[in-house]
Amino acid sequence: MKNIEKRQYRAIGHKLKPIVTVGGSGLSETVIAEVDRALNDHELIKIKCAGMDRDSKAEIISDLCGELNAEAVQVIGNTALLLRRSKKPNPKLSNLIRAALA
Numbered sequence: 203m204k205n206i207e208k209r210q211y212r213a214i215g216h217k218l219k220p221i222v223t224v225g226g227s228g229l230s231e232t233v234i235a236e237v238d239r240a241l242n243d244h245e246l247i248k249i250k251c252a253g254m255d256r257d258s259k260a261e262i263i264s265d266l267c268g269e270l271n272a273e274a275v276q277v278i279g280n281t282a283l284l285l286r287r288s289k290k291p292n293p294k295l296s297n298l299i300r301a302a303l304a
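With the working numbering applied, the sequence shown has no gaps in its numbers, which climb one by one up to 304 at the end.
This is the structure in structure tokens:
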């Protein structure tokens, strides 16, 4: 991903609220399924990693991206911005399409 694309995605993601919170127990099948559903619907999402240290956060984000074929656009503190382009985005739900129309 080019820097100009990352900048555009970060600008769109700035006003988003975290959709999924990963707790101290780490990744479970339900968390992975919820992140997958959110990426299918919205394409660009924020997730929050609560109650864990820096290394575990990086590992969880890396595992999520690898398992769900997503990209981490930005990680700041406890919040990560993830992107996975959809083949057939829903114009009412996709954060990328809604931002382009605004």
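Every residue, glycine too, gets a C-beta built ideally from N, C-alpha and C.
Computed from a prediction, not measured in an experiment: that's the story for all the values here.
- Cβ contact annotation for R287 (same chain, cutoff 7 Å, sequence separation greater than five): E245, in chain order.
- Between T223 and A252, the beta carbon gap of about 6 Å places them in contact (Cβ cut-off 8 Å).
- In the three-state reduction of the DSSP assignment, A235 falls in the helix class, which pools H, G and I.
- Ranking P291, V277, P293 and N292 by CA distance to the CA of G215 puts V277 first.
- Beta bridge pairing from DSSP links V277 with A282.
- When C-beta atoms of the region 290 to 297 are compared with those of the region 232 to 248, three or more pairs fall below 8 Å, so the two segments count as touching.
- Contact check for L284 against I249 passes: the beta carbons are separated by less than 8 Å.
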